[in-house]
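If you count by mature numbering (1 follows the signal peptide of the UniProt record, and there is no 0), then the sequence shown holds residues -18 to -1, 1 to 137, one letter each, in order.
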Amino acid sequence: MKTLITPLALALLLAACGDDKPAAPAEPVATIPTDARDYFNQMGVSDTGGSKGQVRRSDNGETLWFDSVRTTLTYLRLPETANQPLTAWVSAHDNAAQWLAVNDAWYVHTPEAPQLIGKDDYLPFADKAAAEKFAGEHQGKILRASDISEQELQL
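Pasting the structure below:
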């Protein structure tokens, strides 16, 4: 019996020591496809002003597009998506080519947003100092994604 258990245990140990590497963290799509449509309103994502959002679904790798930070955050907070493994990014207000992880961005909410970008939205920045400067110039309030309430998102 001992001679049977020892090789079996060794085989199990070796199987557990595979060289499986953890999956690389998902990266945002660098450029918004020309045919990208907002998940909610089906408008062309590039047809509106302001920052954009993208969410990568972990179950199938699909990228969903959003024409604003507000709709991106709304999607992430929906009951049917709130507990799904998702990765999300928003484009920086001061550098549209730079994608920021939703929870790493500094957001400025200002009453001047409709005049600046054509809609009431949150303006994301990678750098807190840049967000503070912008907020000071535009009577804005600095927030993190977790500070933006469901009531503010009108959920």
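Idealized CB from N, CA, C, for every residue including glycine. None of the values given here were measured: they were computed from a predicted structure.
Starting from residue i, follow its DSSP beta bridges and name the residues at the other end.
| i | result |
| --- | --- |
| Y104 | H91 |
| L125 | Y89 |
Do residue i and residue j have their C-beta atoms closer together than 8 Å?
| i | j | result |
| --- | --- | --- |
| R39 | L135 | no |
| F22 | G35 | no |
| V84 | T45 | no |
Output the boundary residues of the alpha helix (DSSP H) element that contains residue i.
| i | result |
| --- | --- |
| E134 | E132 to L135 |
| E119 | K110 to E119 |
Tell me, please, whether the stretch 75 to 93 touches the stretch 101 to 117 by the rule of three or more beta-carbon pairs shorter than 8 Å. yes
Which runs of the alpha helix (DSSP H) fall wholly inside the stretch 15 to 89 and span at least 4 residues, in chain order? 51 to 59
Taking contact to mean at least 3 C-beta pairs separated by less than 8 Å, is the stretch 61 to 72 in contact with the stretch 93 to 100? no
Counting Cβ pairs closer than 8 Å, one from the stretch 71 to 84 and one from the stretch 44 to 62, do we hit at least three? In this structure the stretch 71 to 84 touches the stretch 44 to 62; the number of beta carbon pairs closer than 8 Å is three or more.
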